[in-house]
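Numbering (the working numbering), first residue to last: 8 to 137.
Okay, here's the thing in C-alpha coordinates:
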(Lines of atoms letter the chains of each structure in order from A and count residues from 1; the text may use other names and numbers.)
(Lines give C-alpha, C1' and ligand atoms only; values in the text may rest on other atoms or scores of the structure.)
Protein backbone atom coordinates (compact mmCIF):
# COMPACT_ATOMS: atom_id res chain seq x y z
CA UNK A 1 0.00 0.00 0.00
CA UNK A 2 2.82 2.41 0.88
CA UNK A 3 4.38 1.94 -2.55
CA UNK A 4 1.03 2.57 -4.27
CA UNK A 5 0.49 5.74 -2.23
CA UNK A 6 3.99 6.95 -3.05
CA UNK A 7 3.36 6.43 -6.78
CA UNK A 8 0.03 8.25 -6.43
CA UNK A 9 1.70 11.20 -4.70
CA UNK A 10 4.26 11.45 -7.51
CA UNK A 11 1.37 11.75 -9.98
CA UNK A 12 -0.07 14.81 -8.21
CA UNK A 13 0.85 18.34 -9.16
CA UNK A 14 2.83 20.44 -6.70
CA UNK A 15 -0.15 22.58 -5.65
CA UNK A 16 -2.04 19.48 -4.46
CA UNK A 17 0.99 18.15 -2.57
CA UNK A 18 1.44 21.57 -0.96
CA UNK A 19 -2.23 21.62 0.02
CA UNK A 20 -2.05 18.17 1.62
CA UNK A 21 1.01 19.29 3.55
CA UNK A 22 -0.78 22.43 4.68
CA UNK A 23 -3.78 20.43 5.92
CA UNK A 24 -1.41 18.16 7.88
CA UNK A 25 0.69 21.10 9.21
CA UNK A 26 3.75 19.98 7.25
CA UNK A 27 5.92 22.56 5.50
CA UNK A 28 7.00 21.07 2.20
CA UNK A 29 9.85 22.23 0.01
CA UNK A 30 9.21 22.53 -3.72
CA UNK A 31 12.99 22.34 -4.15
CA UNK A 32 13.07 18.76 -2.89
CA UNK A 33 10.06 16.88 -4.20
CA UNK A 34 11.42 13.51 -3.03
CA UNK A 35 11.76 14.70 0.57
CA UNK A 36 8.33 16.34 0.41
CA UNK A 37 6.69 13.14 -0.81
CA UNK A 38 8.49 11.09 1.84
CA UNK A 39 7.21 13.50 4.50
CA UNK A 40 3.64 13.18 3.21
CA UNK A 41 3.94 9.41 2.91
CA UNK A 42 5.10 9.18 6.53
CA UNK A 43 2.19 11.31 7.73
CA UNK A 44 -0.47 9.63 5.58
CA UNK A 45 0.56 6.17 6.78
CA UNK A 46 0.76 7.14 10.46
CA UNK A 47 -2.25 5.63 12.20
CA UNK A 48 -2.27 8.28 14.95
CA UNK A 49 -2.29 11.15 12.43
CA UNK A 50 -5.09 9.61 10.38
CA UNK A 51 -7.07 8.85 13.53
CA UNK A 52 -6.74 12.47 14.67
CA UNK A 53 -7.74 13.64 11.18
CA UNK A 54 -10.81 11.39 11.23
CA UNK A 55 -12.24 13.25 14.23
CA UNK A 56 -12.90 16.19 11.91
CA UNK A 57 -14.88 14.07 9.41
CA UNK A 58 -18.49 14.97 8.74
CA UNK A 59 -21.15 12.32 8.21
CA UNK A 60 -20.82 12.87 4.44
CA UNK A 61 -17.02 12.45 4.65
CA UNK A 62 -17.58 9.02 6.18
CA UNK A 63 -20.23 8.08 3.60
CA UNK A 64 -17.95 9.12 0.75
CA UNK A 65 -14.96 7.20 2.15
CA UNK A 66 -17.08 4.10 2.72
CA UNK A 67 -18.44 4.25 -0.82
CA UNK A 68 -14.93 4.52 -2.26
CA UNK A 69 -13.64 1.67 -0.07
CA UNK A 70 -16.64 -0.46 -1.04
CA UNK A 71 -15.49 -0.10 -4.65
CA UNK A 72 -11.93 -1.15 -3.83
CA UNK A 73 -10.68 2.41 -3.74
CA UNK A 74 -11.55 3.34 -7.32
CA UNK A 75 -14.61 5.28 -8.42
CA UNK A 76 -15.35 7.45 -11.44
CA UNK A 77 -14.94 11.15 -10.59
CA UNK A 78 -18.28 12.05 -12.19
CA UNK A 79 -20.12 9.55 -9.99
CA UNK A 80 -18.58 10.68 -6.73
CA UNK A 81 -18.86 14.38 -7.58
CA UNK A 82 -22.57 14.02 -8.36
CA UNK A 83 -23.16 12.75 -4.84
CA UNK A 84 -20.56 14.64 -2.81
CA UNK A 85 -19.71 17.75 -4.83
CA UNK A 86 -16.92 18.81 -7.16
CA UNK A 87 -13.28 19.52 -6.43
CA UNK A 88 -12.47 23.00 -7.66
CA UNK A 89 -9.31 23.51 -9.70
CA UNK A 90 -6.60 25.47 -7.90
CA UNK A 91 -3.22 26.87 -8.73
CA UNK A 92 -0.62 27.63 -6.08
CA UNK A 93 -1.53 31.32 -5.89
CA UNK A 94 -5.27 30.72 -5.55
CA UNK A 95 -4.70 28.07 -2.89
CA UNK A 96 -2.70 30.50 -0.78
CA UNK A 97 -5.01 33.47 -1.33
CA UNK A 98 -8.26 31.65 -0.61
CA UNK A 99 -6.92 29.34 2.14
CA UNK A 100 -9.11 26.57 0.76
CA UNK A 101 -7.85 24.11 3.39
CA UNK A 102 -9.76 26.14 5.98
CA UNK A 103 -13.05 26.24 4.07
CA UNK A 104 -13.55 23.35 1.65
CA UNK A 105 -16.81 23.75 -0.24
CA UNK A 106 -17.75 20.09 -0.73
CA UNK A 107 -17.19 16.68 0.83
CA UNK A 108 -14.94 15.53 -2.01
CA UNK A 109 -12.93 18.74 -1.81
CA UNK A 110 -12.46 18.28 1.95
CA UNK A 111 -11.15 14.73 1.49
CA UNK A 112 -8.95 15.78 -1.46
CA UNK A 113 -7.41 18.58 0.60
CA UNK A 114 -6.58 16.09 3.37
CA UNK A 115 -4.90 13.75 0.89
CA UNK A 116 -7.47 11.02 1.37
CA UNK A 117 -8.79 10.95 -2.20
CA UNK A 118 -6.98 11.73 -5.46
CA UNK A 119 -7.81 12.54 -9.05
CA UNK A 120 -5.99 10.48 -11.64
CA UNK A 121 -6.63 9.81 -15.29
CA UNK A 122 -7.26 6.35 -16.63
CA UNK A 123 -7.59 5.15 -20.20
CA UNK A 124 -10.77 3.12 -20.77
CA UNK A 125 -12.78 1.90 -23.74
CA UNK A 126 -14.72 5.17 -23.54
CA UNK A 127 -11.53 7.27 -23.63
CA UNK A 128 -9.67 8.99 -20.84
CA UNK A 129 -11.62 9.19 -17.59
CA UNK A 130 -10.92 10.65 -14.19
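C-beta atoms are modelled at their ideal positions from N, C-alpha and C, and glycine is treated no differently.
Query	Result
For the region 44 to 56 against the region 91 to 108, are there 3 or more C-beta pairs whose distance is under 8 angstroms?	no
With three or more beta-carbon pairs closer than 8 angstroms as the criterion, would you say the region 37 to 48 touches the region 13 to 26?	yes
Quick check: the Cα distance between residue 137 and residue 100, rounded to an integer number of angstroms?	Confidence at residue 137 is low in this model, with a pLDDT of 48, below 50, so the placement of that residue is unreliable and no value is reported for it.
Put residue 28 into one of helix, strand or coil per three-state DSSP.	helix
Shortest alpha-carbon distance to residue 70 belongs to which of 114, 14, 10 and 122?	114
Pick helix, strand or coil for residue 56, following the three-state DSSP scheme.	helix
Is the distance from the Cβ of residue 26 to the Cβ of residue 96 below 8 angstroms?	no
Please report how far the alpha carbon of residue 73 lies from the alpha carbon of residue 59, in whole angstroms.	18 angstroms
For my contact list, residue 16 and residue 48 are in at a C-beta cut-off of 8 angstroms; report their separation, rounded to the angstrom.	7 angstroms
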